[in-house]
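Undergrad: So for the sequence shown, my numbering puts the first residue at -1; every next one is plus one.
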Amino acid sequence: MKKKIRFVKMQALGNDFVILDRITQSLTITPDLIAKIGHRQLGVGCDQILIVDPPSQPDYDFNYRIFNANGDEVEQCGNGARCFGRYVYEKGLTDKNYLTIGCLASPIYIDLSDPMRIEVLLGKPKFPPSAKDFHINTQKVNALGRYKVSIYKTDKDVTLLSIGNPHCVMSVSNVKDTRVASIGKSLQNDPIFPKGVNVSFVEVLARNHIKLRVYERGVGETQACGTAACAAVIAGVTQGELNTSVQVDMPGGSLSVNYDTQKGVSITGNTHTVFEGAFVINQTDEYEFAF
């Protein structure tokens, strides 16, 4: 039996996604299928695969599932949420300007009043020990949430926090010369991070302007990461280094981040549809697909 599955490839600041709609079509999700779709040589290729599901709660408009390209399901993705919002708007799946979306993390809120520049409210951050994504066995540096982690046998001060997914934020003098891939990869095996961690490298240009490079768990360095941009700004505000509204420049482009300590953190920026297509699944004992 063959089944054709439609998808849309979207990107936000070079952070690219394959979106699969399970409202108008049926599809069983397996880690193996996700990894095949995410493979850049043998599949569609992307950083994450996003699933549009019917709402699981009466006050949700949709449910949102996020998988890294290696097949692992993760709790949150900010740039993906902006693409998710534009997808359901352009496909006519909603006529609302404001959406409540359920995901593995706490619900998020999408403002579609300007579909070309979508805002997502991701909620309030959590810091250790409230954040359960960390096993803290290292010395806290100060009361503002700074910790030491070991990088190539040298201690480095970092800020640890969760925005539904775990983040490790560190300041660097120059992001261009930072060994993002090797440092990010090395921290995935640190016992502090039992679920892996997204690692952000921040260069502060001004109180309202930073440069950022990100190593995403399960993916590697990406062109942009919405939740990492949020984590970097929250860390900077917490340390007294940044204002609450900040322009975040990443290799893929710029994102506006606003941190309201009462309402939470939000991101605003552009999204783009790259192409639409379909693949055919030959369903036997396993999923195999051909385009």
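Don't be surprised by glycine CBs; every beta carbon is placed ideally from N, CA and C.
Taking the runs of the alpha helix (DSSP H) that are 4 residues or longer, which of them lie wholly in the region 192 to 277?
TA: Runs of the alpha helix (DSSP H) inside the region 192 to 277: 224 to 236.
Undergrad: If you follow the alpha helix (DSSP H) that Asn77 is part of, which residue opens it and which one closes it?
TA: Counting from one through the sequence shown, the residue named residue 77 turns up at place 79. Start and end: 76 to 88.
Undergrad: Which stretch, first to last residue, makes up the beta strand (DSSP E) that contains Lys34?
TA: If you number the sequence shown from 1, residue 34 lands on position 36. Lys34 -> not in any beta strand (DSSP E); alpha helix (DSSP H) instead, spanning 29 to 36.
Undergrad: Between the alpha carbons of Phe125 and Thr220, how many angstroms are there, rounded?
TA: Against the sequence shown, residue 125 aligns to sequence position 127. Against the sequence shown, residue 220 aligns to sequence position 222. Between Phe125 and Thr220, the C-alpha separation is close to 24 Å.
Undergrad: Could you check which residue in Gly162, Ile149, Phe199, Ser148 has the C-alpha nearest to that of Asn172?
TA: On the sequence shown, position 174 is the one that residue 172 refers to. Per the Cα distances, Phe199.
Undergrad: In angstroms, rounded to a whole number, what distance separates the CA positions of Met114 and Lys151?
TA: On the sequence shown, residue 114 is found 116 positions in, with the first residue counted as 1. On the sequence shown, residue 151 is found 153 positions in, with the first residue counted as 1. Spanning the two alpha carbons is a distance of roughly 46 Å.
Undergrad: Apart from the five residues on each side of it in sequence, which residues of its chain come closer than 7 Å, Cβ to Cβ, to Ile27?
TA: Start at 1 with the first residue of the sequence shown, and residue 27 comes out as number 29. Correct list, in chain order: Ile49.
Undergrad: Just the Cα atoms here: how many angstroms apart are Leu120 and Glu201?
TA: Numbered from 1 along the sequence shown, position 122 holds the residue referred to as residue 120. Numbered from 1 along the sequence shown, position 203 holds the residue referred to as residue 201. For Leu120 and Glu201, the distance between alpha carbons rounds to 23 Å.
Undergrad: Would you call the region 256 to 267 and the region 223 to 238 touching, i.e. three or more CB-CB distances under 8 Å?
TA: Touching, yes.
Undergrad: Which value, in whole angstroms, describes the spacing of the CA atoms of Arg177 and His133?
TA: As a working mapping, residue 177 is identified with position 179 in the sequence shown. As a working mapping, residue 133 is identified with position 135 in the sequence shown. Each residue's alpha carbon lies about 25 Å from the other.
Undergrad: My guess is that Thr269 and Ala10 are in contact by the Cβ rule of under 8 Å, so how many angstroms apart are they, rounded?
TA: Indexing the sequence shown from 1 puts residue 269 at position 271. Indexing the sequence shown from 1 puts residue 10 at position 12. Correct: roughly 5 Å between the Cβ atoms.
Undergrad: Measuring CB to CB, does Arg211 end up less than 7 Å from Val195?
TA: Numbered from its first residue, the sequence shown carries residue 211 at position 213. Numbered from its first residue, the sequence shown carries residue 195 at position 197. For Arg211 and Val195, no; Cβs fall outside 7 Å.
Undergrad: Does the region 38 to 56 come close enough to the region 5 to 25 that 3 or more CB-CB pairs lie under 8 Å?
TA: The region 5 to 25 vs the region 38 to 56: in contact.
Undergrad: Near Ala222, which residues of its chain fall below 8 Å by C-beta distance, leaving aside the five closest residues on each side in sequence?
TA: Translated into positions along the sequence shown, residue 222 becomes position 224. So the list reads Ala10, Leu11, Gly12, Asn13, Asn77, Val212, Met248, Pro249, Gly250, Gly251, Leu253, once near-sequence residues are dropped.
Undergrad: Shortest alpha-carbon distance to Ser243 belongs to which of Asn206, Glu274, Glu73, Val170?
TA: Start at 1 with the first residue of the sequence shown, and residue 243 comes out as number 245. Comparing Cα-Cα distances from Ser243 to each of Asn206, Glu274, Glu73, Val170, the minimum goes to Asn206.
Undergrad: According to DSSP, is Lys183 helix, strand or coil?
TA: To locate residue 183, count along the sequence shown from 1; it is residue 185. In this structure, Lys183 counts as helix in the three-state DSSP scheme.
Undergrad: Under the three-state reduction of DSSP, which class applies to Lys50: helix, strand or coil?
TA: For the purposes of this step, residue 50 is taken as the residue at position 52 of the sequence shown. First, the residue type needs correcting, since residue 50 is Val and not Lys in the sequence shown. Strand at Val50.
Undergrad: Would you mind working out which of Pro56, Asn187, Asp30, Phe5 sits nearest Val19, comparing C-alpha positions?
TA: What you label residue 19 is simply residue 21 of the sequence shown in a count that begins at 1. Sequence inspection shows Asp at residue 19; the Val mentioned does not correspond to that position. Minimum Cα distance to Asp19 is reached at Phe5.
Undergrad: What's the gap between the Cα of Pro53 and the Cα of Ile21?
TA: Indexing the sequence shown from 1 puts residue 53 at position 55. Indexing the sequence shown from 1 puts residue 21 at position 23. Straight-line Cα distance between these residues: approximately 10 Å.
Undergrad: Express the C-alpha separation of Val156 and Gln74 in angstroms, rounding to a whole number.
TA: Counting from 1 along the sequence shown, the entry for residue 74 is found at position 76. Counting from 1 along the sequence shown, the entry for residue 156 is found at position 158. So the two alpha carbons sit approximately 21 Å from each other.
Undergrad: Which value, in whole angstroms, describes the spacing of the CA atoms of Cys166 and Leu159?
TA: Position 168 of the sequence shown, counted from the first residue, corresponds to residue 166. Position 161 of the sequence shown, counted from the first residue, corresponds to residue 159. Each residue's alpha carbon lies about 7 Å from the other.
Undergrad: Consult DSSP for Val42 and reduce its assignment to one of helix, strand or coil.
TA: Within the sequence shown, numbered from 1, the residue matching residue 42 stands at position 44. In the structure shown, Val42 sits in coil (DSSP, three-state: anything other than H, G, I, E or B).
Undergrad: Would you report the Cα separation of Thr236 and Asn95, rounded to the nearest angstrom?
TA: Stepping through the sequence shown from its first residue, residue 236 is reached at position 238. Stepping through the sequence shown from its first residue, residue 95 is reached at position 97. Answer to the nearest angstrom: the Cα atoms are 32 Å apart.
Undergrad: Taking Thr127 as the reference, give the member of Val118, Pro164, Pro105, Lys183 with the closest Cα.
TA: Translated into the one-based positions of the sequence shown, residue 127 becomes position 129. The residue asked about is misnamed: residue 127 is Pro in this sequence, not Thr. Measuring from the Cα of Pro127, the nearest candidate turns out to be Pro164.
Undergrad: List the whole-angstrom C-beta distance separating Tyr85 from Met168, where the pair is believed to meet the contact cut-off of C-beta under 8 Å.
TA: On the sequence shown, residue 85 is found 87 positions in, with the first residue counted as 1. On the sequence shown, residue 168 is found 170 positions in, with the first residue counted as 1. Not confirmed; about 33 Å, so no contact.
Undergrad: Closest to Val272 by C-alpha separation, out of Ser24, Cys81, Gln23, would be which residue?
TA: Along the sequence shown, one-based indexing puts residue 272 at 274. Among Ser24, Cys81, Gln23, the Cα nearest to that of Val272 is on Cys81.
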